[in-house]
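Worksheet: the structure to be examined is printed underneath.
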Amino acid sequence: MGITKGLNCQNVFIFLFLAVFPFGQVIRIGNLQPLDLIVGLAALYTVVKKLAPPKAYRYLGAFLLFALSSWIVSVFIFRQAEVLYGLLYLTRLTAYYFFGIYVWNYAKKRKDRKNLLTDSLLAVSVVSAILGWIQFFTVPDIKPFFSAGWDMHLFRLVGTFLDPTFLGLVIVFGLLASLVRLLETKSKKNLATFLFLLVSLAFTYSRASYLALLAGLIVIALHKN
Numbered sequence: 040m041g042i043t044k045g046l047n048c049q050n051v052f053i054f055l056f057l058a059v060f061p062f063g064q065v066i067r068i069g070n071l072q073p074l075d076l077i078v079g080l081a082a083l084y085t086v087v088k089k090l091a092p093p094k095a096y097r098y099l100g101a102f103l104l105f106a107l108s109s110w111i112v113s114v115f116i117f118r119q120a121e122v123l124y125g126l127l128y129l130t131r132l133t134a135y136y137f138f139g140i141y142v143w144n145y146a147k148k149r150k151d152r153k154n155l156l157t158d159s160l161l162a163v164s165v166v167s168a169i170l171g172w173i174q175f176f177t178v179p180d181i182k183p184f185f186s187a188g189w190d191m192h193l194f195r196l197v198g199t200f201l202d203p204t205f206l207g208l209v210i211v212f213g214l215l216a217s218l219v220r221l222l223e224t225k226s227k228k229n230l231a232t233f234l235f236l237l238v239s240l241a242f243t244y245s246r247a248s249y250l251a252l253l254a255g256l257i258v259i260a261l262h263k264n
């Protein structure tokens, strides 16, 4: 209720994004992803309000300029359809760039907002894992989706994303967040969350996600020392 009362243009797109994110490909409408619409609106708000980016964003800005230059070159090389696809991806990348600025402006200098975002992202990770287990027990074989362009997986947690690596990376974030909370609070709730996500990650059988977890654990260990 408190979150609902506090919704406004400065944060509504963040929580809409988090609410929709766990449902992955389930709510996809053709080639349209509701997430992209939400991010696009947030990006538009960011541009209109001229929200300031963090200093580190200058590197991402340089990357976007490089991507734009690459797309311009592609106009003279590839077919019209391929150039159009490239433009759509570039537009999407740019929208997410501004979405990052939008999120940063919401959370900066406010510890309570940072904690709320962390809690929300952790909840997204847990919900994604739960949906993964529902898929695991109800649709363990996703080979029928191969004709739609998805990889064939059997008895792996792929969840609503239909991709074990993508789901695994979402779970890894929750794992690391719950581990940090566990080290700080030693609470049984955080321990249960950590163990649940750890088992869930194991059943994705995603080596890339395992490596991401290892890298995250190293960063946490270095930070604690």
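First residue of the sequence shown? That's 40 in the numbering used here, and the numbers climb one at a time after it. Where a beta carbon is used, it is the ideal one built from N, C-alpha and C, also for glycine. Predicted model, so just to flag it, every value in this text is computed and none were measured.
Rounded to the nearest angstrom, what separates residue i and residue j at their Cα positions?
i	j	result
residue 57	residue 143	15 Å
residue 186	residue 81	34 Å
residue 231	residue 252	18 Å
residue 260	residue 114	47 Å
residue 155	residue 121	41 Å
residue 90	residue 191	43 Å
residue 105	residue 111	10 Å
residue 197	residue 208	11 Å
residue 170	residue 94	37 Å
residue 125	residue 138	20 Å
residue 234	residue 221	11 Å
residue 150	residue 219	16 Å
residue 108	residue 129	11 Å
residue 152	residue 210	22 Å
residue 188	residue 55	27 Å
residue 174	residue 69	21 Å
residue 250	residue 98	25 Å
residue 41	residue 158	Low per-residue confidence applies at residue 41: pLDDT is 49, beneath 50, and the placement is therefore not dependable, though the value from the model is reported in the following sentence. Going from the Cα of residue 41 to the Cα of residue 158 covers about 14 Å.
residue 72	residue 226	37 Å
residue 116	residue 148	47 Å
residue 240	residue 74	24 Å
residue 245	residue 160	21 Å
residue 248	residue 172	17 Å
residue 236	residue 256	15 Å
residue 183	residue 76	28 Å
On the DSSP bridge list, what partners appear for residue i?
i	result
residue 68	71
residue 180	193
Can you say whether residue i is buried or exposed, counting buried as having 16 or more other CB atoms within 10 angstroms of its CB?
i	result
residue 168	buried
residue 101	exposed
residue 216	buried
residue 61	buried
residue 201	buried
residue 163	buried
residue 181	buried
residue 243	buried
residue 123	exposed
residue 229	buried
residue 195	buried
residue 193	exposed
residue 254	exposed
Pull up the CB-CB distance for residue i and residue j, whole angstroms please, since I reckon it's below 8 Å.
i	j	result
residue 145	residue 50	5 Å
residue 65	residue 199	5 Å
residue 103	residue 127	15 Å between Cβ atoms; not a contact.
residue 140	residue 92	5 Å
residue 267	residue 213	Absent from the structure is residue 267, since the part of the chain shown begins at 40 and ends at 264.
residue 78	residue 135	6 Å
With DSSP run on the structure shown, which of helix, strand or coil describes residue i?
i	result
residue 160	helix
residue 193	strand
residue 151	helix
residue 106	helix
residue 244	coil
residue 226	coil
residue 99	helix
residue 264	coil
residue 41	Note that residue 41 scores a pLDDT of 49, beneath 50, so its modelled location is shaky; the value from the coordinates is reported in the next line. Residue 41 falls in the helix class under three-state DSSP.
residue 47	coil
residue 92	coil
residue 201	coil
residue 188	coil
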